[in-house]
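Residue numbers (the numbering used here): 1 to 608.
Take a look at the structure:
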């Protein structure tokens, strides 16, 4: 065995051992993206190289033919495995659908079938004979149409992988270009060696097929990158999307404080080209900010706000420095982010000024509210005392206990009494609204009977029905308990206000009061056949001092406080009020409140 044969075997031995060792080492990270594909590639190359070695060593044609056939297991796996690895590396793994993988599997399976059955059709090799080269027996294969189709297919697959890598190369910068350059250079080695082998232009003996050895160099480069750089952990396209997707200045420093990468927005902010930044000292790139940044030189971690001047303008940046470490913990560099917070600073200053104004305005509003409450309390006392006296005296006069009144005088006294009552009601509404707004309204919840309340309210407003000759219908559903827990006074104010409104705006027909239960709630429903509420007015009907329009105010009177009080009291009691109305048909007000039962009633209901 001469030196050329021995050298060939040594190269194959090194290629096989290296590929197997890389496959074993990389397999420990099999959960990482791309690792399984690389292991398939490495083992396919090892199998190809081993079979080539046995084929070259064999002296008889049958053995050579057998190992040539077996070598095709590795040969047909390499191109699809390499294209899959390239797709994963360039972050195009979304192309790797089940359909795509199935299509990639068609060619290898077909080639293996044709190689195994070649004696039946002679389409892959037209003839196989035993010859010699440099004094060694070799198998001479006359290549058929299927061989050249397989070769063309493999070259196309390698070309696609090359195009993908080149395209990715131009999209990236810094260390990522170095990685892709390494892969591209190593990928051309098997192309060149295989071209010379299949065209029989190689100056080497015919038994020396260096293609699996050259391909092993490519596999070794990829495997070394996987282990050393975690090639697929920081996906280049993912890096492009994330790194360049940050609108602030982000750059990577090595241990010598040289910039090895910077995102595109950062270059745009600095108005620099990549070649003027990459590989430069950070102090040279940020020469105008040396004084500001000097205190952070050599610092592995930092989180601070700094003020710098860039391109003649003053900016505020949030500086964040994070260390980069190798797997063994050794420092390999730093990631520096300069986030532009100039606008945020300005907004914060405006917010602080607005907050101070809001605090001052709130203090003024609280003082106004306090003064308003004190004023209303004082005024209510000052007004209610004489009004109560007037009401008392008019009642005495109308009862006939005093002087006998003429019909004209009696009519005047009745007007005085009615107006004083209206004024008292208005004052009471003002006070209730004031208590609600200031949070001083106290609800006295106690056991009450809905049916007794209904009778009380019916008696209170029946005179209004008689005056306008309207039907007044009161119903209490049997589902409503005999006793509930609620504030009698608040309920009465809500219901009397709604009933008074209904009678005021109804000229003919009827007014209905219904009380019913709905699961854990109960409702007070007041409906009428009055004039109804226009659609546009339903949006503000519950606002203070708001009525449907000016003509209604002149025609029907009122201050517009009643419905506002109804809504606020309903909310204070944990409920709400809703309106359904049709112009010219009538209105329905629905007050929904939580149903609270006495303890005994609750226990009885649960036992049932």
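Don't be surprised by glycine CBs; every beta carbon is placed ideally from N, CA and C. Keep in mind that this is a model prediction, so the values were computed, not measured.
State the beta-bridge partners of residue i as determined by DSSP.
{"i": "residue 449", "result": "Paired residue(s): none; residue 449 is not in a bridge."}
{"i": "residue 116", "result": "Bridge partners of residue 116: none, in fact."}
{"i": "residue 594", "result": "521"}
{"i": "residue 258", "result": "281"}
{"i": "residue 142", "result": "127"}
{"i": "residue 581", "result": "587"}
{"i": "residue 576", "result": "592"}
{"i": "residue 166", "result": "None, per the DSSP bridge assignment."}
{"i": "residue 253", "result": "259 and 334"}
{"i": "residue 132", "result": "137"}
{"i": "residue 432", "result": "Paired residues: none, contrary to the question."}
{"i": "residue 528", "result": "511"}
Contact check, residue i vs residue j under 8 Å by CB: the rounded distance?
{"i": "residue 162", "j": "residue 180", "result": "Residue 162 to residue 180, Cβ: 11 Å. No contact."}
{"i": "residue 595", "j": "residue 520", "result": "5 Å"}
{"i": "residue 431", "j": "residue 572", "result": "Actually they do not touch by this definition, with Cβ atoms about 14 Å apart."}
{"i": "residue 309", "j": "residue 288", "result": "6 Å"}
{"i": "residue 510", "j": "residue 472", "result": "7 Å"}
{"i": "residue 41", "j": "residue 78", "result": "7 Å"}
{"i": "residue 141", "j": "residue 128", "result": "6 Å"}
{"i": "residue 474", "j": "residue 458", "result": "5 Å"}
{"i": "residue 112", "j": "residue 72", "result": "6 Å"}
{"i": "residue 590", "j": "residue 523", "result": "6 Å"}
{"i": "residue 501", "j": "residue 563", "result": "7 Å"}
Please go through the same chain and pick out, in chain order, the residues whose beta-carbon is closer than 6 Å to the beta-carbon of residue i, but skip the five residues on each side of it.
{"i": "residue 505", "result": "530 and 531"}
{"i": "residue 269", "result": "249"}
{"i": "residue 69", "result": "115"}
{"i": "residue 451", "result": "476"}
{"i": "residue 75", "result": "48"}
{"i": "residue 80", "result": "104"}
Taking all protein chains shown into account, do 16 or more other C-beta atoms lie within 10 angstroms of the C-beta of residue i, making it buried, or fewer, making it exposed?
{"i": "residue 388", "result": "exposed"}
{"i": "residue 235", "result": "For residue 235, the pLDDT reaches just 47, beneath the cut-off of 50, and the residue's location in the model is therefore unreliable, although a value from the coordinates is still provided. Classification of residue 235: buried, given that the 10 Å Cβ count is 16 or more."}
{"i": "residue 166", "result": "exposed"}
{"i": "residue 170", "result": "exposed"}
{"i": "residue 15", "result": "buried"}
{"i": "residue 528", "result": "buried"}
{"i": "residue 512", "result": "buried"}
{"i": "residue 279", "result": "exposed"}
{"i": "residue 261", "result": "buried"}
{"i": "residue 487", "result": "buried"}
{"i": "residue 124", "result": "buried"}
{"i": "residue 230", "result": "Annotation note: pLDDT 49 at residue 230 (below 50); position unreliable, coordinate value reported separately. Answer is exposed; the Cβ neighbour count stays below 16."}
{"i": "residue 354", "result": "exposed"}
{"i": "residue 495", "result": "buried"}
{"i": "residue 462", "result": "exposed"}
{"i": "residue 27", "result": "exposed"}
{"i": "residue 19", "result": "buried"}
{"i": "residue 150", "result": "buried"}
{"i": "residue 585", "result": "exposed"}
{"i": "residue 82", "result": "buried"}
{"i": "residue 263", "result": "buried"}
Keeping to the same chain, check which residues put their C-beta closer than 8 Å to that of residue i; ignore five residues upstream and five downstream.
{"i": "residue 490", "result": "443, 569, 572 and 573"}
{"i": "residue 271", "result": "311"}
{"i": "residue 581", "result": "532, 533, 538, 587 and 588"}
{"i": "residue 122", "result": "144"}
{"i": "residue 267", "result": "273, 274 and 277"}
{"i": "residue 302", "result": "296, 319, 320 and 321"}
In chain order, what residues of the same chain lie with their CB nearer than 7 Å to the CB of residue i, ignoring the 5 residues before and after it?
{"i": "residue 65", "result": "128 and 139"}
{"i": "residue 255", "result": "331, 332 and 333"}
{"i": "residue 498", "result": "526, 566 and 589"}
Could you check whether the Cβ of residue i sits closer than 8 Å to any heavy atom belonging to the ligand NAP?
{"i": "residue 511", "result": "Because no ligand of any kind appears in the structure shown, any question about the ligand NAP cannot be addressed here."}
Should residue i be flagged as near chain D, meaning a C-beta pair shorter than 9 Å?
{"i": "residue 129", "result": "Of the chains in the structure shown, none is chain D; there is only one protein chain."}
Inset, instruction - Could you name each continuous alpha helix (DSSP H) segment of 4 residues or more that falls completely within the stretch 294-365, going from the start of the chain to the end? - result: none
Inset, instruction - Can you check the stretch 455-526 for any beta strand (DSSP E) of at least 3 residues that lies completely inside it and give the ranges in chain order? - result: 471-476, 484-486 and 510-518
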